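At position 38 of the sequence shown (counting the first as 1) the number is 54 in this note's numbering, and the numbers step up by one without a gap. Virtual Cβ for every residue (Gly too), placed ideally from N, Cα, C. Because the structure is a prediction, the values reported are computed rather than measured. Just below is one structure, and these are the notes that go with it.
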Amino acid sequence: MATITTISQSVGANRIVPTVAIPYPVGNPTLSEADEEAMRYEMVERACNALATEITESTQFE
Numbered sequence: 017m018a019t020i021t022t023i024s025q026s027v028g029a030n031r032i033v034p035t036v037a038i039p040y041p042v043g044n045p046t047l048s049e050a051d052e053e054a055m056r057y058e059m060v061e062r063a064c065n066a067l068a069t070e071i072t073e074s075t076q077f078e
């Protein structure tokens, strides 16, 4: 999970899951508690799916 995906690609990360922003990579203080929890759940689910996906080159999981 990374906020600046171009840096992740340049250092050779094989699986990249974009996050929200530098000060709040897996959160958004402007959302309600329920909406933020749903957003975090979706991001973690994407990261888990990225780990379970077979890849051959650096891949971004949107």
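Looking at the unbroken alpha helix (DSSP H) that takes in residue i, where does it start and where does it end?
i: residue 23; result: 21-26
i: residue 17; result: Premise fails: residue 17 is in no alpha helix (DSSP H) and is neither H nor E.
i: residue 47; result: No alpha helix (DSSP H) holds residue 47; DSSP gives it neither H nor E.
Would residue i and residue j be called neighbours here (beta carbons separated by less than 8 Å)?
i: residue 18; j: residue 34; result: yes
i: residue 56; j: residue 43; result: yes
For residue i, collect the residues of the same chain with a Cβ closer than 8 Å to its Cβ; drop the 5 residues on either side in sequence, then sort them by chain order.
i: residue 69; result: 31, 75, 77
Given residue i, which residues of its chain have a CB within under 7 Å of its CB, disregarding the five upstream and five downstream residues?
i: residue 22; result: none
In chain order, what residues of the same chain have a beta carbon less than 6 Å from the beta carbon of residue i, not counting five sequence neighbours either side?
i: residue 66; result: 31, 33, 77
i: residue 25; result: 74
Could you check the C-alpha separation between residue i and residue j for me, to the nearest Å?
i: residue 58; j: residue 51; result: 11 Å
i: residue 46; j: residue 64; result: 25 Å
i: residue 71; j: residue 27; result: 17 Å
With 8 Å set as the bound, which would you pick, yes or no: does the beta-carbon of residue i sit closer than that to a beta-carbon of chain C?
i: residue 68; result: Protein chain content of the structure displayed is limited to a single chain, and chain C is not contained in it.
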